[in-house]
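Presented below is the structure to which this report refers.
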Amino acid sequence: MRQQYFLAPTLRDTPADAEVASHRLMLRAGLIRQLAAGIYTYLPLGYKVLRKIENIVREEMDRTGAQEMLLPALHPAEIWQETGRWDVYGPELMRLKDRHDRSFALGPTHEEVITGLLRDEVNSYKKLPLTLYQIQTKFRDERRPRFGMLRSREFIMKDAYSFDLDHEGLNKSYAKMYEAYHKIFERCGLDFRAVEADSGTIGGTDTHEFMVLSEIGEDTIAYCDACAYAANIEKAEAVQTTYEQWATDPSPTVETVDTPGVRTIEQLSDFLQVDRKQIIKSVALEVDEQVVIALVRGDYDVNELKVKNLLQGESVRLLDESEVHSRLHSVPGFVGPIGLDDHVRLVADYSVRGIEQAVVGANEQDKHLIGVSAERDLALEDYYDLRHVVEGDACPKCQGTIRFAQGIEVGHVFKLGTKYSAAMGATYLDEQGKAQPFVMGCYGIGVSRLLAAIIEQNHDEHGLIWPKSVTPFDIHLIAVNMKDDHQRALAEEVYQRLLDNGYDVLFDDRDERAGVKFKDADLIGIPLRLVIGKKSKERIIEYKRRRTEETGEMSVDKLMAHMAEMWSQL
RNA sequence: CGGGAAGUGGCUCAGCUUGGUAGAGCGCCUCGUUCGGGACGAGGAGGUCGCAGGUUCAAAUCCUGUCUUCCCGACCA
285 MRQQYFLAPT
295 LRDTPADAEV
305 ASHRLMLRAG
315 LIRQLAAGIY
325 TYLPLGYKVL
335 RKIENIVREE
345 MDRTGAQEML
355 LPALHPAEIW
365 QETGRWDVYG
375 PELMRLKDRH
385 DRSFALGPTH
395 EEVITGLLRD
405 EVNSYKKLPL
415 TLYQIQTKFR
425 DERRPRFGML
435 RSREFIMKDA
445 YSFDLDHEGL
455 NKSYAKMYEA
465 YHKIFERCGL
475 DFRAVEADSG
485 TIGGTDTHEF
495 MVLSEIGEDT
505 IAYCDACAYA
515 ANIEKAEAVQ
525 TTYEQWATDP
535 SPTVETVDTP
545 GVRTIEQLSD
555 FLQVDRKQII
565 KSVALEVDEQ
575 VVIALVRGDY
585 DVNELKVKNL
595 LQGESVRLLD
605 ESEVHSRLHS
615 VPGFVGPIGL
625 DDHVRLVADY
635 SVRGIEQAVV
645 GANEQDKHLI
655 GVSAERDLAL
665 EDYYDLRHVV
675 EGDACPKCQG
685 TIRFAQGIEV
695 GHVFKLGTKY
705 SAAMGATYLD
715 EQGKAQPFVM
725 GCYGIGVSRL
735 LAAIIEQNHD
745 EHGLIWPKSV
755 TPFDIHLIAV
765 NMKDDHQRAL
775 AEEVYQRLLD
785 NGYDVLFDDR
795 DERAGVKFKD
805 ADLIGIPLRL
815 VIGKKSKERI
825 IEYKRRRTEE
835 TGEMSVDKLM
845 AHMAEMWSQL
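Converting from the first sequence to my numbering requires adding 284 to each position, the first position being numbered 1.
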């Protein structure tokens, strides 16, 4: 491609609205332009990379035996109503009406559509297992699109769906995908971890997220410094903490003390001169319709998701201040586990077990209770893992220690089971002629997010640095001075020879000064650069590797041998 | 949805406090000089100052409303 007419408008100044590196560089290097919040145009350069990523995904999917297809992006409301997700999915579902006032949605994911298809088209155990996938534009009306392509409202996703006879089959399909995902992200040149996760609104049991390690990642990963254990912080197991670690003398009787205006654990710890570990934190939640108080030791935080999962609820949220009064008959900042109404469900984290002389809220303005014994005074049936892990926790799998890292979620694999097939009556006939629901898995990769994640891990202060596998061009050929006849002629010759030998070349044939060309080349980040300049009369040209900045010279007559060697070393 | 910031030519921004003529740098076009890390000179094109309403003889500037974008939080595949 000749750069003179190639639409890759580079910017000298950083667009004011771009904060994160990938967004900034994609705009500056001319990969994308923004149309609206979370909605982007892919310019030729950006689209070229995107297609390379798609092809890696496609190759690895095909290798597992999955079949590519394309489902509609526009979905009639009825199919979403069948599974109940028309209501459950909420405002993130982009909805619209046609001229007859019929409701539609722009697909944010395709469980309904694919399950509906299989319900009609596959009826026999003889046709299973089956895995189908597509690479397609998805729509999600994010509350807050941000970080450029990392969280957008219209994005490109690869979604795959497996259909099996039973859970054993699902496990095999899942394992294949899990392995394929590793290959895909390795081929993209990424530093990533597969982590255990919560399944969220898509539903299902087992699930892993694929996280690209990055400081700007929105997810926190808890990983072990000794073994392979890694989990999203929302899911990470907290090891049962034992009584002996913080036991104090047995409690005397419970007393009420005045604590005017003391509302936080920190203030309380200062005010009463007690260790935070001696305070029992009471968090007021609603799980589905049920009011729940979750107890955790004062130096920990409640993981709401764990509370929801313990009670097998569908939703969880904090009660707001007015609800603490109206539904809990307590006072915000002074909520405690003693003297609650019967309808309130009390659950406690392992860390609460055995605390003596504890401090808790009194459910009265400006009052706390002291001298509480968890065993004696709290009517607890049992203790559970309800807290967030913290750095330094013990690993749940080995003797190691938990550390945190930030990650960008680029892939997610779920075992759905029969959640959708049962809801939609999607069944096959087994060998006994009996109808059985498909046992399903679903597997997503945010392809456009992957593009941004690759950039987050592959750039420097000058611009992009493409991994070989996804680079938009193989070689950036620069003629320093297009007005010099020797240089121009040699550049044209080299360009043709590279093309003839199968290299994809961006040829900077613009009538620009050398500095402009070099700056743009650094910004665009093609891994190999060939510069045709002063020594063109001697048929000598220079090369530079973008990533290492290594430079050198070569004779044009040995061009192909050199290129083959340099390319193989990338 | 709560909090904060910002909308002036393609990009980065000044002007607004104290109302009166719309500016700079980069980019773009023409000519000349230059030509290995974002050149220089001269000339030129390009802007209903986000939109609507109000105040005023007069609004980019003051007032009200509204839309959009970004950041933090809440929320979330």
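Every residue gets a Cβ at the ideal spot worked out from N, C-alpha and C, and that includes glycine.
Would you kindly work out how many angstroms separate the C-alpha atoms of residue 548 and residue 650, rounded to a whole number? Their Cα atoms are separated by approximately 12 Å.
Nearest candidate by alpha-carbon position, reference residue 313, set 331, 320, 294 and 322: Closest by alpha carbon: 294.
Straight-line gap, residue 665 to residue 639 (C-alpha atoms, nearest Å): The C-alpha of residue 665 lies about 15 Å from the C-alpha of residue 639.
Just checking, does the segment 426–443 make contact with the segment 733–747 on the three C-beta pairs under 8 Å criterion? Taking 8 Å as the limit for Cβ pairs, the verdict is that the segment 733–747 does touch the segment 426–443.
In the DSSP assignment, what are the bridge partners of residue 747? Note: residue 747 sits in a beta bridge opposite 744.
Secondary structure at residue 764, three-state DSSP: helix, strand or coil? Coil.
Between residue 582 and residue 759, what straight-line distance do the alpha-carbon atoms span, to the nearest angstrom? Rounded to whole angstroms, residue 582 to residue 759 spans 58 Å at the Cα level.
Do you know offhand how far residue 580's Cα is from residue 633's? Taken atom to atom, the span from the alpha-carbon of residue 580 to that of residue 633 is near 5 Å.
Taking only three categories from DSSP, how would you classify residue 716? In the three-state scheme derived from DSSP, where H, G and I count as helix and E and B as strand, residue 716 is classed as coil.
Specify whether the segment 495–508 and the segment 469–479 touch according to this definition: at least 3 beta carbon pairs, one from each stretch, less than 8 Å apart. Output reads yes: the segment 469–479 touches the segment 495–508.
Within 8 Å, strictly: CB atoms of residue 595 and residue 571: Yes, the pair counts as a contact, with Cβ atoms nearer than the cut-off.
Express the C-alpha separation of residue 699 and residue 466 in angstroms, rounding to a whole number. Distance between residue 466 and residue 699, taken at the CA atoms: about 17 Å.
For residue 681, which residues in the same chain have their Cβ closer than 6 Å to its Cβ, ignoring the five residues on either side in sequence? The beta carbon of residue 681 is closer than 6 Å to those of 511 and 513 in its chain, skipping five residues each way along the sequence.
So, is residue 377 buried or exposed, given that buried needs 16 or more other C-beta atoms within 10 angstroms? Answer is buried; the Cβ neighbour count reaches 16.
Contacting residues, own chain, Cβ-Cβ under 8 Å from residue 778 (five flanking each side not counted): The beta carbon of residue 778 sits closer than 8 Å to the beta carbons of 761, 814, 816, 825, 840 and 843 from its chain, once the five residues preceding and following it are set aside; these are given in chain order.
If residue 391 and residue 422 are in contact, beta carbons under 8 Å, what's the gap, nearest whole angstrom? The Cβ separation is near 6 Å, so the contact holds.
Tell me where the beta strand (DSSP E) around residue 480 begins and ends. Start and end: 476–480.
May I ask which residues mark the beginning and end of the beta strand (DSSP E) holding residue 387? It spans 387–390 - the beta strand (DSSP E) in which residue 387 sits, taken as one unbroken run.
At the level of alpha carbons, what is the spacing between residue 418 and residue 349? Going from the Cα of residue 418 to the Cα of residue 349 covers about 13 Å.
Contact check, residue 334 vs residue 468 under 8 Å by CB: the rounded distance? Residue 334 to residue 468, Cβ: 14 Å. No contact.
Answer yes if the segment 705–716 comes into contact with the segment 393–406, meaning at least three C-beta pairs across the two stretches below 8 Å, and no otherwise. At 8 Å Cβ cutoff, the stretches touch.
Complete runs of the alpha helix (DSSP H) confined to the segment 767–792 [at least 4 residues]: For the alpha helix (DSSP H) assignment, the uninterrupted runs of no fewer than 4 residues enclosed by the segment 767–792 are, from N- to C-terminal side, 769–784.
Quick check on the burial criterion: 16 or more other C-beta atoms within 10 angstroms. Buried or exposed for residue 806? Classification for residue 806: buried.
Less than 8 Å between C-beta atoms, sequence neighbours within five positions excluded: which residues of the same chain meet that for residue 521? Counting only Cβ-Cβ distances below 8 Å, and skipping sequence neighbours, we find 515, 669, 673 and 680.
Smallest Cα separation from residue 642: which of 557, 683 and 577? Scanning 557, 683 and 577 for the CA closest to the CA of residue 642 turns up 557.
Please classify residue 353 as buried or exposed, where buried requires at least 16 neighbouring CB atoms within 10 angstroms. Exposed.
How close, in whole Å, do the beta carbons of residue 697 and residue 491 come, if the pair is a contact with beta carbons under 8 Å? In this structure residue 697 is in contact with residue 491, their Cβ atoms being roughly 7 Å apart against a cut-off of 8 Å.
Taking just the CA atoms, how far does residue 482 sit from residue 755? Between residue 755 and residue 482, the alpha-carbon positions lie close to 34 Å from each other.
Which of helix, strand or coil does DSSP assign to residue 283? Nothing about residue 283 can be reported from this structure: the residues present for the chain run from 285 to 854 only.
Could you tell me if residue 836 is buried or exposed, where buried requires 16 or more neighbouring beta carbons within 10 angstroms of its beta carbon? Residue 836 is exposed by the Cβ-count criterion.
Got a sec, what are the start and stop residues for the alpha helix (DSSP H) residue 459 sits in? Per DSSP, residue 459 belongs to the alpha helix (DSSP H) from 451–471.
Among the residues of its own chain, which have a CB less than 8 Å from the CB of residue 425, if the five just before and after it don't count? Spatial neighbours of residue 425 in its own chain (CB-CB distance under 8 Å, excluding positions within 5 residues in sequence) are listed in chain order as 375, 376, 377, 378 and 437.
Using a threshold of 8 Å, state whether the C-beta atoms of residue 546 and residue 654 are closer than that. Residue 654 is positioned such that its CB atom lies no closer than 8 Å to that of residue 546.
Determine whether the beta carbon atoms of residue 330 and residue 315 lie at a separation below 8 Å. Annotated as proximal: residue 330 and residue 315, with beta-carbon spacing under 8 Å.
At what residue ranges does the segment 394–456 contain a whole run of the alpha helix (DSSP H), taking only runs of 4 or more? Counting only runs of 4 or more, we get 395–405.
Suppose you measure from the CA of residue 504 to the CA of residue 518; what does that come to, to the nearest Å? If you take the alpha carbons of residue 504 and residue 518, they lie about 8 Å apart.
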